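**Student:** Pasting a structure here, questions to come.
Protein chains: 2
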Amino acid sequence: MVEKQLKERIIETALKLFEKYGYHGVTVDRIVTECNTSKGGFYHNFKSKDELLYHIHEVFITYVLNKAQEAYGKYQTPTERLCAIIQSFVKVFDLYKPHITVFYQESIYLKPEYFEKINEKREQFKQVIFQVIREGIEAREFRSELPIEITGMSIMGMVNWTYKWYKPNGSMTIEEIAKIFIDLILHSLLTESAKQKEEIKAFFLRNFSHS
Amino acid sequence: MVEKQLKERIIETALKLFEKYGYHGVTVDRIVTECNTSKGGFYHNFKSKDELLYHIHEVFITYVLNKAQEAYGKYQTPTERLCAIIQSFVKVFDLYKPHITVFYQESIYLKPEYFEKINEKREQFKQVIFQVIREGIEAREFRSELPIEITGMSIMGMVNWTYKWYKPNGSMTIEEIAKIFIDLILHSLLTESAKQKEEIKAFFLRNFSHS
DNA sequence: AATAACAGACCAACTAGTCGGTCTGTTGTC
DNA sequence: GACAACAGACCGACTAGTTGGTCTGTTATT
Numbered sequence: 005m006v007e008k009q010l011k012e013r014i015i016e017t018a019l020k021l022f023e024k025y026g027y028h029g030v031t032v033d034r035i036v037t038e039c040n041t042s043k044g045g046f047y048h049n050f051k052s053k054d055e056l057l058y059h060i061h062e063v064f065i066t067y068v069l070n071k072a073q074e075a076y077g078k079y080q081t082p083t084e085r086l087c088a089i090i091q092s093f094v095k096v097f098d099l100y101k102p103h104i105t106v107f108y109q110e111s112i113y114l115k116p117e118y119f120e121k122i123n124e125k126r127e128q129f130k131q132v133i134f135q136v137i138r139e140g141i142e143a144r145e146f147r148s149e150l151p152i153e154i155t156g157m158s159i160m161g162m163v164n165w166t167y168k169w170y171k172p173n174g175s176m177t178i179e180e181i182a183k184i185f186i187d188l189i190l191h192s193l194l195t196e197s198a199k200q201k202e203e204i205k206a207f208f209l210r211n212f213s214h215s
Numbered sequence: 005m006v007e008k009q010l011k012e013r014i015i016e017t018a019l020k021l022f023e024k025y026g027y028h029g030v031t032v033d034r035i036v037t038e039c040n041t042s043k044g045g046f047y048h049n050f051k052s053k054d055e056l057l058y059h060i061h062e063v064f065i066t067y068v069l070n071k072a073q074e075a076y077g078k079y080q081t082p083t084e085r086l087c088a089i090i091q092s093f094v095k096v097f098d099l100y101k102p103h104i105t106v107f108y109q110e111s112i113y114l115k116p117e118y119f120e121k122i123n124e125k126r127e128q129f130k131q132v133i134f135q136v137i138r139e140g141i142e143a144r145e146f147r148s149e150l151p152i153e154i155t156g157m158s159i160m161g162m163v164n165w166t167y168k169w170y171k172p173n174g175s176m177t178i179e180e181i182a183k184i185f186i187d188l189i190l191h192s193l194l195t196e197s198a199k200q201k202e203e204i205k206a207f208f209l210r211n212f213s214h215s
């Protein structure tokens, strides 16, 4: 087993600190001390503190966007697609909780060029969600009276907000939380007739057979 | 008509700037220049930049907590109470959008003493929500399989997230958005039998009679 | 030997906060 | 009514400390 590379160590330390104290609450000096390196080590690996922040954003959004597109491709019906996307996204909280926190708290501090790049992917992710909702309405699985954007943002809000309260190693696993989210969302989106449809009912029961 | 007091002007300017650039993206110098005052004027009215940040938090959370308790007191049934609380909270976005943004983005930068005070009220607010959900389940209006905390945090996430995308003067009024939130939430919380109950059905129709 | 990886002293810029001073309006005194 | 005495609001040059970033030198690696 090779020693963990310095660059990785810097990122991990920075994430831990940024999550707790915020980007501006952490100095480069603090980062380098806490992971036993030096200014030289830091600036050898990153052009600037900004670039480190960008890197964190980039890693996270790229991963999440890929996962969403993957989940979309894996299923055919809107209901299944939506559930798969949510599930894959929520699972990310166990892997990338600090990334997510930084992503939602500190992105205003990204330099314009960096911000643009990140925002593009962020926008793509949103469009995947909107697309699924649109298809769900067209397929008469989701209620047609729902406005796509607001509904999409509601779902994203519900899920994203998790970063404010989720504690890994808490009393509930992230999978259990994901199930509850999906339960809530399906109850609010599905039409009465979709709830009756055999394949959707089966899919539903397979995932949430409470009692 | 008296001139607007300096303190008010400072707060307004700071809010506008904090919302856009973040607490650390705005210097005291910038605040005082943009509202045509001076360092002296600023520090005459505030002990520190931190105190200004605290003040913004305090005004907002106090208002919101009062509104929630008021809404709770005004109604008797859990469903009505929940809707009233959500409605009153969402309406705040037209009044206090910058406050809310600062509240959710910058509270980590509050000095410990300040943070404690704010957090206490924040906690109280959460408890009101949890309480209503608990009562709703006990009254068999809300589905008993829902865990109170997660459901509560889901609702708060959905609603709070609004600060990330809501544009006053957008194509939808805040009241319309509130209705959609409530529609989604009721669909996911209400039991089948509650949906049938005459008074709840009436209440429902009164608020969302889409076609 | 040449190059990449890292160390750490140092620098220049910036920023929150201070402090002596001014200006305006109010109160008390004759 | 005039004037002294005073208070509070506000000004802005200045400071002390902090922070991101640089630069020269040292160590490891191939």
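Residue numbers (this note's numbering), protein chains in the order written: chain A, 5 to 215; chain B, 5 to 215. Heads up, the beta-carbon is just placed ideally off N, CA and C, and yes, glycines get one too. Predicted model, so just to flag it, every value in this text is computed and none were measured.
Would you say B:Lys201 faces chain A, with C-beta separation under 9 Å as the test?
**Tutor:** One-based indexing of the second sequence puts residue 201 of chain B at position 197. By this cut-off, B:Lys201 is not an interface position.
**Student:** Look at the Cβ atom of B:Ile65, then the Cβ atom of B:Ala75, and state whether they are nearer than 9 Å.
**Tutor:** For the purposes of this step, residue 65 of chain B is taken as the residue at position 61 of the second sequence. For the purposes of this step, residue 75 of chain B is taken as the residue at position 71 of the second sequence. Taking 9 Å as the Cβ cut-off, B:Ile65 and B:Ala75 do not qualify as a contacting pair.
**Student:** Would you say B:Thr31 reaches chain A, if we count a Cβ-Cβ gap shorter than 9 Å as a contact?
**Tutor:** One-based indexing of the second sequence puts residue 31 of chain B at position 27. False, the Cβ-Cβ gap to chain A never drops below 9 Å.
**Student:** Ignoring anything shorter than 4 residues or poking outside the region 130 to 193 of chain B, list the alpha helix (DSSP H) runs there in chain order.
**Tutor:** Within the region 130 to 193 of chain B, the complete alpha helix (DSSP H) runs of at least 4 residues are 152 to 164, 166 to 169 and 178 to 193.
**Student:** Taking 9 Å as the threshold (beta carbon to beta carbon), is A:Pro151 in contact with chain B?
**Tutor:** Residue 151 of chain A sits at position 147 when you count from the first residue of the first sequence. With 9 Å as the cut-off, A:Pro151 counts as an interface residue toward chain B.
**Student:** Over the uninterrupted alpha helix (DSSP H) stretch that includes B:Lys20, give me the two end residues.
**Tutor:** Within the second sequence, residue 20 of chain B is the residue found at index 16, counting from 1. Segment Leu10 to Tyr25, the alpha helix (DSSP H) holding B:Lys20.
**Student:** Starting from B:Ser92, trace the alpha helix (DSSP H) in both directions and tell me its first and last residue.
**Tutor:** Walking along the second sequence from the start, residue 92 of chain B turns up at place 88. B:Ser92 -> alpha helix (DSSP H) spans Pro82 to Glu110.
**Student:** Assuming the contact rule is C-beta atoms closer than 8 Å, A:Leu193 and A:Phe134 should be a hit. Round their C-beta distance to whole Å, please.
**Tutor:** The sequence position of residue 193 of chain A within the first sequence is 189, counting from 1. The sequence position of residue 134 of chain A within the first sequence is 130, counting from 1. Actually they do not touch by this definition, with Cβ atoms about 13 Å apart.
**Student:** Taking Cβ positions only, does B:Ser192 come closer than 9 Å to chain A?
**Tutor:** As a position in the second sequence, residue 192 of chain B is number 188, starting the count at 1. By this cut-off, B:Ser192 is an interface position.
**Student:** Got a sec? Which residues, its chain only, sit under 8 Å from B:Ser107 by beta carbon, not counting five neighbours each side?
**Tutor:** Within the second sequence, residue 107 of chain B is the residue found at index 103, counting from 1. Here the sequence assigns Phe to residue 107 of chain B, which means Ser is not the residue at that position. For B:Phe107, where only same-chain residues beyond five positions count, the Cβ hits under 8 Å are Ile60, His61, Phe64 and Ile65.
**Student:** Am I right that B:Val163 and B:Phe93 are in contact with their C-beta atoms under 8 Å? What's the rounded C-beta distance?
**Tutor:** Residue numbering aside, residue 163 of chain B sits at position 159 when the second sequence is read from its first letter. Residue numbering aside, residue 93 of chain B sits at position 89 when the second sequence is read from its first letter. Between B:Phe93 and B:Val163 the Cβ distance is about 6 Å, and since that is below 8 Å, they are a contact.
**Student:** Taking the Cβ atom as the reference point for each residue, do B:Lys168 and A:Met157 lie within a distance shorter than 9 Å?
**Tutor:** Residue mapping note: residue 168 of chain B aligns to position 164 of the second sequence, counting from 1. Residue mapping note: residue 157 of chain A aligns to position 153 of the first sequence, counting from 1. Contact flag set, yes.
**Student:** Hey, does B:Ser188 have any beta-carbon neighbour from chain A nearer than 9 Å?
**Tutor:** Position 184 of the second sequence holds residue 188 of chain B. Residue identity differs from the one stated: residue 188 of chain B is Leu in this sequence, not Ser. Yes, B:Leu188 lies at the interface with chain A (some Cβ there is under 9 Å from its Cβ).
**Student:** At a Cβ threshold of 9 Å, is B:Leu21 touching chain A?
**Tutor:** Start at 1 with the first residue of the second sequence, and residue 21 of chain B comes out as number 17. Taking Cβ atoms only, chain A never reaches closer than 9 Å to B:Leu21, which makes this a no.
**Student:** Nearest to A:Asp54 by alpha carbon, out of A:Trp165, A:Glu16 and A:Tyr118?
**Tutor:** Numbered from its first residue, the first sequence carries residue 54 of chain A at position 50. Out of A:Trp165, A:Glu16 and A:Tyr118, A:Tyr118 has the C-alpha closest to the C-alpha of A:Asp54.
**Student:** Judging by CA-CA distance, which residue of B:Tyr27, B:Ile15 and B:Ile204 is the nearest neighbour of B:Tyr47?
**Tutor:** Numbered from 1 along the second sequence, position 43 holds the residue referred to as residue 47 of chain B. Of B:Tyr27, B:Ile15 and B:Ile204, the residue nearest in Cα terms is B:Ile15.
**Student:** Since A:Ala72 contacts A:Val132 with CB under 8 Å, what's their CB separation in whole angstroms?
**Tutor:** Against the first sequence, residue 72 of chain A aligns to sequence position 68. Against the first sequence, residue 132 of chain A aligns to sequence position 128. Indeed, because the Cβ distance is near 5 Å, the residues count as touching under 8 Å.
**Student:** Any C-beta of chain A within less than 9 Å: which residues of the region 94 to 113 of chain B qualify?
**Tutor:** Residues passing the 9 Å Cβ filter: Tyr108, Gln109, Glu110, Ile112 and Tyr113.
**Student:** If B:Ile112 and A:Tyr25 are in contact, beta carbons under 8 Å, what's the gap, nearest whole angstrom?
**Tutor:** Counting from one through the second sequence, the residue named residue 112 of chain B turns up at place 108. Counting from one through the first sequence, the residue named residue 25 of chain A turns up at place 21. Their Cβ separation, rounded to whole angstroms, is 7 Å, which keeps B:Ile112 and A:Tyr25 in contact under 8 Å.
**Student:** Could you check where the alpha helix (DSSP H) with A:Tyr58 kicks off and where it finishes?
**Tutor:** Locating residue 58 of chain A in the first sequence gives position 54, counting from the first residue. Here the alpha helix (DSSP H) through A:Tyr58 covers Lys53 to Lys78.
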